[in-house]
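Protein chains: 2
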Amino acid sequence: MQKGSLFVVSAPAGCGKDTILNELLKKTDKAGYAVSATTRAPREGEVNGVHYHFLTREEFERRIAEKEVLEYTEYCGNYYGTLRKSVNDLLNEGKDAILKIEVEGAMNIKKLFPEACLVFILPPSWEVLEKRLRDRGTETEDKIVERTKQAHNEVKFAKNYDYLIVNDELENAVSDLLAVMRAEKLRRARNDELLAQFN
Amino acid sequence: MQKGSLFVVSAPAGCGKDTILNELLKKTDKAGYAVSATTRAPREGEVNGVHYHFLTREEFERRIAEKEVLEYTEYCGNYYGTLRKSVNDLLNEGKDAILKIEVEGAMNIKKLFPEACLVFILPPSWEVLEKRLRDRGTETEDKIVERTKQAHNEVKFAKNYDYLIVNDELENAVSDLLAVMRAEKLRRARNDELLAQFN
C-alpha cells in the first residue's frame, strides 16, 4: 500500500474552497480532511471531531508544548491549528490528508513536510471575487473591502504553491483537484519503492 | 490561450504504450501525436503524415543539418526522429504534443526542452511483461529474451522521468495519463502569466 500524501489547499475567502473540497470528498474515498483544532466555542451544528477538534486553551497549549501541533495561529483570541495526529491517522490508513489552511500555515507545513503538495485556488478575477463576496449579502461594505484586501495579500503567496486552480466552474475545479491528487501519486519522486522492484 | 505542453511517453516493448495513447487520444481533443519521421519504407496500411513522415535519406539528412530534427536515432540502417515542426504545429494550436520515443531520445528532448514532461510506462512486473511478449505469439524465443533484456536497460532510465504509470489495467493507466496531463497544466511553474493577472 502506498502511504497517503499530504495536500494543503488554500484560497482567499469567496473562492469556493469549501465547496470544492466537499464535492471532491464525495468523489473519492482515498482522501480525507485533517480536521483542525481550535479553542473557540462550537457554533450551532458543529460537531467535535468533524468540523473541529474543540479543545480548551490549556489543552491546546499543552499540545503545542508537546509538539503535537504542526502549525497554529491565534485569531480573535482563539487558537486554530493542525494536530499531528489528525494528519498521521489519515496517512497511515493509506489515505491522502487534506489540510485546509491559510497561507502562512501552509508555508509552515511545507517547511515541516517538503513533500507536501500545495494547491492554491484562485478566483477567475478580482472583479468576480468581489461580486461573489457582495452577492453573499451577509457582509458589510467595510468587511468586503477588508476581505478583498486580505485576498490580495494571500494571493502574493500563491507563487510558493505547487499548483494553481482557477475556480471558474465548480465542476472543472473539482476535476482539476482530483487530477492533481491522482497525478501527484504518480510522480517519480514519490515512487522510489516501485522503481526498486524493477532493479 | 495557454500554449500546449510537451509530453514524452516511453515504455519498453510490451507495456501497452500504443494502446494507452490511442485510447487517450479518443478522450481528449486537446492533445495530439507529434508524428515521427523515418527513412524506412512504409508498411502496408501506413499513411504518410499519420503513422510517420516518410522521408528519403537525403531529405532526412538535410533536415538534420538544418536543425529541424529535435532528436533522432539510426536503427537497422534507417533514421527515426522527431521534426521540430511536428511539435511546434501542435503547441501553436494550443494542443499538447505527445512524443512517443525511446529513452535516449527522451533524455535529449529533456535537454532541449527542460519544461517537457516525461512519462514512463511500467509493466506490473517483469513476469507479466515476459508473459505478454510470449502471448503475442509473434516472437521467437531469442527475440523475447532480447526484448526482455532491452526492457531492463530501458527501465534504468525511468528514474529520470517525471511520472511513472504502471499499466496493470488499461483503463486505469489511461486515466492516470489524462490526470498527469491535466495536472501538469496547473503547475505553478507553467502559470506565470495567470499569476501576473492578479498582481
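Respectively, the protein sequence lines represent chains A and B. Following my numbering, the numbering of the first sequence begins with 44 at its first residue and continues without gaps. Following my numbering, the numbering of the second sequence begins with 44 at its first residue and continues without gaps. All C-beta atoms in this analysis are idealised placements derived from N, C-alpha and C, irrespective of residue type, glycine included. Being a predicted model, the structure only gives us computed values, none of them experimental.
Per DSSP, which one or two residues make a beta bridge with residue i?
i	result
residue 160 (chain A)	A:50
residue 230 (chain A)	B:206
residue 80 (chain B)	B:96 and B:124
residue 165 (chain A)	A:209
residue 75 (chain A)	A:140
residue 91 (chain A)	A:95
Taking the alpha carbon of residue i as the reference point, which residue from the options has its own alpha carbon closest?
i	options	result
residue 207 (chain B)	A:174, A:108 and A:235	A:235
residue 191 (chain B)	B:168, B:204 and B:210	B:168
residue 238 (chain A)	B:136, B:145 and B:200	B:200
residue 210 (chain A)	A:163, A:229 and A:94	A:163
residue 228 (chain B)	A:241, A:87, A:82 and A:216	A:216
residue 83 (chain B)	B:196, B:142 and B:124	B:124
residue 81 (chain A)	A:172, A:112, A:54 and A:57	A:112
residue 103 (chain B)	B:94, B:122 and B:90	B:122
residue 109 (chain B)	B:59, B:92, B:128 and B:213	B:128
residue 45 (chain A)	A:136, A:197 and A:178	A:136
residue 221 (chain B)	B:152, B:141, B:131 and B:178	B:141
residue 59 (chain A)	A:71, A:98, A:165 and A:87	A:165
residue 62 (chain B)	B:99, B:91, B:93 and B:143	B:143
residue 130 (chain A)	A:94, A:230, A:219 and A:47	A:47
residue 70 (chain B)	B:242, B:218, B:241 and B:187	B:218
residue 114 (chain A)	A:153, A:213, A:85 and A:148	A:148
residue 151 (chain A)	A:189, A:204 and A:94	A:204
residue 193 (chain B)	B:107, B:57 and B:49	B:57
residue 240 (chain B)	A:202, A:212 and A:241	A:202
residue 93 (chain B)	B:242, B:79 and B:87	B:79
residue 242 (chain B)	A:230, A:214 and A:198	A:198
residue 77 (chain A)	A:188, A:186 and A:49	A:49
Using a threshold of 9 Å, state whether the C-beta atoms of residue i and residue j are closer than that.
i	j	result
residue 182 (chain A)	residue 176 (chain A)	yes
residue 74 (chain A)	residue 174 (chain A)	no
residue 64 (chain A)	residue 52 (chain A)	yes
residue 133 (chain B)	residue 96 (chain B)	no
residue 105 (chain A)	residue 158 (chain A)	no
residue 224 (chain A)	residue 160 (chain A)	yes
residue 116 (chain A)	residue 89 (chain A)	no
residue 172 (chain B)	residue 55 (chain B)	yes
Identify the contact partners of residue i in chain D, using a Cβ-Cβ distance below 9 Å as the criterion.
i	result
residue 67 (chain B)	Absence of chain D from the displayed structure is noted, the protein chains being A and B.
**Study point:** Unbroken stretches of the alpha helix (DSSP H), 4 residues or longer, contained in the region 95-150 of chain A
**Key:** 100-108 and 127-135
Check your understanding: Using a Cβ cut-off of 7 Å, which residues of the region 189-207 of chain A contact any Cβ in chain B, in chain order?
Key -> 198, 201, 202, 204, 205, 206 and 207
Point to revise | Contact list for the region 226-239 of chain B against chain A, Cβ threshold 8 Å | key: 226, 227, 229, 230, 231, 234, 237 and 238
Practice item. Pull out every residue of the region 164-176 of chain A whose Cβ sits closer than 9 Å to any Cβ of chain B, in chain order. Key: Going along the region 164-176 of chain A in chain order, one finds 165, 166, 168 and 169 with a Cβ nearer than 9 Å to chain B.
Practice item. Name, going along the chain, the residues of the region 207-222 of chain B whose beta-carbon falls closer than 8 Å to a beta-carbon of chain A. Key: Considering only beta carbons, the part of the region 207-222 of chain B lying closer than 8 Å to chain A consists of 207, 208, 209, 218, 219, 221 and 222, in chain order.
Review point. Which of the residues in the region 141-160 of chain A, read from start to end, lie with their CB under 8 Å from any CB of chain B?
Key: none
Practice item. Could you name the residues of the region 50-61 of chain B whose beta carbon sits closer than 7 Å to any beta carbon of chain A, in the order they occur along the chain? Key: Cβ contacts with chain A come from no residue of the region 50-61 of chain B.
Exercise for review: Please name the residues in the region 91-104 of chain B whose beta-carbon is closer than 9 Å to at least one beta-carbon of chain A, in chain order.
Suggested key: none
Check your understanding: Considering only residues of the region 179-206 of chain B, which uninterrupted beta strand (DSSP E) runs meet the minimum length of 3 residues and lie entirely inside it, listed in chain order?
Key -> none
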